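Inspection log for the structure reproduced underneath, given as structure tokens.
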Amino acid sequence: MRPGTRRRNAAAALQALAIALGLAGCTSKCPVPIVYDEATLKQIEKAREALARDNILLKVLEDYENERDDLRFCR
Numbered sequence: 009m010r011p012g013t014r015r016r017n018a019a020a021a022l023q024a025l026a027i028a029l030g031l032a033g034c035t036s037k038c039p040v041p042i043v044y045d046e047a048t049l050k051q052i053e054k055a056r057e058a059l060a061r062d063n064i065l066l067k068v069l070e071d072y073e074n075e076r077d078d079l080r081f082c083r
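If you count by this note's numbering, then the sequence shown holds residues 9 to 83, one letter each, in order.
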């Protein structure tokens with residue numbers, strides 16, 4: 009092995025690792041929202057309309073809707 013080969017190999021390995029970690033950090037960490045079909049959306053709306061106005065599930069559904077809206081802007 010020529011002098012300095014080990015050092016160059018180690019430097020190249022570290023550089024490759026740094027690039028890989030950098031690229032991994034660039035990938036989106038945003039969850040992908042579930043896409044519901046039209047029939048399911050109609051069932052959800054029908055069930056939602058059947059809830060009493062003071063039902064806690066209405067608040068939970070509103071929070072969920074807001075989170076889904078926020079996902080659209082997540083990068």
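Using N, Cα and C, we set each Cβ at its ideal position, and we do this for glycine too.
This structure is a prediction, so every number in the text was calculated from the model and none was measured.
{"Check": "Where Ala60 sits in the DSSP three-state scheme", "Outcome": "coil"}
{"Check": "Per-residue DSSP class, three states only, for Ile52", "Outcome": "helix"}
{"Check": "Inter-residue CB distance, Cys38 and Arg83 (contact presumed, cutoff 8 Å)", "Outcome": "7 Å"}
{"Check": "Ile42 CB to nearest heavy atom of the ligand GDP below 8 Å", "Outcome": "Questions concerning the ligand GDP fall outside what the structure shown contains, since it holds no ligand whatsoever."}
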